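Protein chains in written order, with the numbering used here: chain A, 6 to 266; chain B, 56 to 145.
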């Protein structure tokens with residue numbers, strides 16, 4: 006069963022804390038993460054299903070899946086000086102792949118790919134104790150053509166039904182966002198206005214509106230990663246979002262959001 | 056996706072260039088070999104003279120115009136500069 010749903014920023018500067026950052030802003034995001042960690046502990050999840058967009062780490066141009074599921078015993082990765090490793094909830098991950106394919110989603114699965122920092126950063130801050138195993142769910146966001154927002158929403162709806170039919174208590178986490186443009190001229194000017202309109206839509210309980218956004222609009226507004234949120238929205242449906250924080254830094258719109266399920 | 060998108064389809068002609076940037080980002084051994092002898096590392100990675108010049112000039116716009124993925128250019132550059140001392144100021 007689905008017991009919780011969260012969207013969490015994975016901005017690397019939140020963990021790396023270089024001197025380019027506004028210390029107070031970073032600490033406010035950390036405080037919102039701490040609230041999520043306490044919520045997750047109270048929800049007593051048996052597993053965390055984490056939807057994240059690989060930053061061309063596990064999947065390079067030799068093979069680019071739109072959607073993928075990690076189904077190994079464990080998964081691991083590195084990011085700069087950080088090394089991380091998580092056990093995978095193997096039976097749940099396998100159920101997601103098998104039932105996802107039954108439902109018409111041609112999922113790639115892997116038992117041996119590296120795990121991107123997009124999975125690690127939110128878990129670093131919010132993993133409850135005792136730490137449950139995870140199910141990493143990849144959505145292609147950086148290598149066009151990416152799955153459409155509509156397809157992400159439909160996959161999320163199927164994912165929600167699959168998780169909802171399981172005996173385990175599962176918390177769903179979408180990692181990423183909001184507006185940012187790494188590697189481009191717009192890196193220092195994210196589209197905060199667009200972010201705020203999205204958050205208003207989510208607070209009003211109209212998450213399904215995002216299924217109609219186009220891939221072009223996501224690219225234009227620096228929100229290619231919002232595909233992970235849109236996937237989650239398919240699973241939680243039109244419930245009002247509780248925005249723990251929205252902190253616009255010089256390069257990222259950092260958001261921490263919960264949907265009560 | 057339009058041609059003025061921030062992230063465009065990576066052309067096949069730039070595959071080796073992107074593979075080199077990917078290795079700089081994600082393969083510590085390649086990064087070390089690049090730092091020791093960039094020309095040799097890039098030659099072994101299959102990059103031609105023009106691509107090697109673009110890489111050595113670290114000209115982002117020229118690399119992207121040649122088909123490099125902007126995120127890979129960004130992270131390869133960052134990883135080459137990144138060390139522990141650049142972390143955790145607060």
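Beta carbons are placed, not taken as given, at the ideal position from N, Cα and C, and that holds for glycine.
Source: prediction; values computed, not measured.
{"Asked": "Can you find a CB in chain A that lies within less than 8 Å of the CB of residue 135(B)?", "Found": "no"}
{"Asked": "Taking the alpha-carbon positions, what's the residue 169(A) to residue 136(B) distance?", "Found": "45 Å"}
{"Asked": "Does residue 117(A) get closer than 8 Å to chain B when you measure Cβ to Cβ?", "Found": "no"}
{"Asked": "Does DSSP classify residue 155(A) as helix, strand or coil?", "Found": "helix"}
{"Asked": "Are residue 15(A) and residue 181(A) close, meaning C-beta to C-beta below 8 Å?", "Found": "yes"}
{"Asked": "For residue 63(B), return the contacting residues in chain A, with the cut-off set at a CB-CB distance below 8 Å.", "Found": "149"}
{"Asked": "Would you kindly report the start and end of the unbroken beta strand (DSSP E) that includes residue 259(A)?", "Found": "258-264"}
{"Asked": "Does residue 114(A) pass the burial test, meaning 16 or more other C-beta atoms within 10 Å, or should it be called exposed?", "Found": "buried"}
{"Asked": "Where do the N-terminal and C-terminal ends of the beta strand (DSSP E) with residue 60(B) fall, by residue?", "Found": "Unbroken run through residue 60(B): none, as it is neither H nor E."}
{"Asked": "Mind checking if residue 258(A) is an interface residue toward chain B, Cβ cutoff 8 Å exclusive?", "Found": "no"}
{"Asked": "Return yes when the Cβ of residue 125(A) is within less than 8 Å of the Cβ of residue 87(A), no when it is not.", "Found": "yes"}
{"Asked": "Does residue 109(B) pass the burial test, meaning 16 or more other C-beta atoms within 10 Å, or should it be called exposed?", "Found": "buried"}
{"Asked": "By the DSSP assignment, the alpha helix (DSSP H) with residue 203(A) in it spans what residues?", "Found": "197-208"}
{"Asked": "Give me, in chain order, the residues of the same chain whose beta-carbon lies closer than 8 Å to that of residue 139(B); leave out the 5 immediate sequence neighbours on both sides.", "Found": "For residue 139(B), the pLDDT reaches just 47, beneath the cut-off of 50, and the residue's location in the model is therefore unreliable, although a value from the coordinates is still provided. Hits under 8 Å: none found."}
{"Asked": "May I have the straight-line CA-CA distance separating residue 69(A) from residue 266(A), to the nearest angstrom?", "Found": "32 Å"}
{"Asked": "Taking only the alpha-carbon atoms, compute the straight-line gap between residue 78(B) and residue 118(B) and give it to the nearest angstrom.", "Found": "16 Å"}
{"Asked": "When you compare only the Cα positions, how much space is there between residue 142(A) and residue 104(B)?", "Found": "40 Å"}
{"Asked": "Indicate whether at least one CB of chain B lies closer than 8 Å to the CB of residue 195(A).", "Found": "no"}
{"Asked": "Note down, in chain order, all residues in the segment 69-82 of chain B with a beta-carbon under 8 Å from any beta-carbon belonging to chain A.", "Found": "70, 73, 74, 77, 80 and 81"}
{"Asked": "Report the option in 13(A), 221(A), 6(A) and 20(A) whose CA atom is closest to the CA atom of residue 61(B).", "Found": "221(A)"}
{"Asked": "Closer than 8 Å, CB to CB, is residue 58(B) near chain A or not?", "Found": "no"}
{"Asked": "Does the CB of residue 161(A) have a neighbour CB from chain B at under 8 Å?", "Found": "no"}
{"Asked": "Would a check of beta-carbon distances place residue 127(B) closer than 8 Å to chain D?", "Found": "Here the protein chains are A and B, and chain D is not one of them."}
{"Asked": "May I ask you to report which of helix, strand or coil DSSP gives residue 194(A)?", "Found": "coil"}
{"Asked": "Got a sec: is the Cβ-Cβ distance from residue 66(A) to anything in chain B below 8 Å?", "Found": "yes"}
{"Asked": "Do residue 126(B) and residue 61(A) come within 8 Å of each other at the CB atom, strictly closer than that value?", "Found": "yes"}
{"Asked": "Figure out for me which residue from 26(A), 59(A), 37(A) and 42(A) has the closest Cα to the Cα of residue 230(A).", "Found": "59(A)"}
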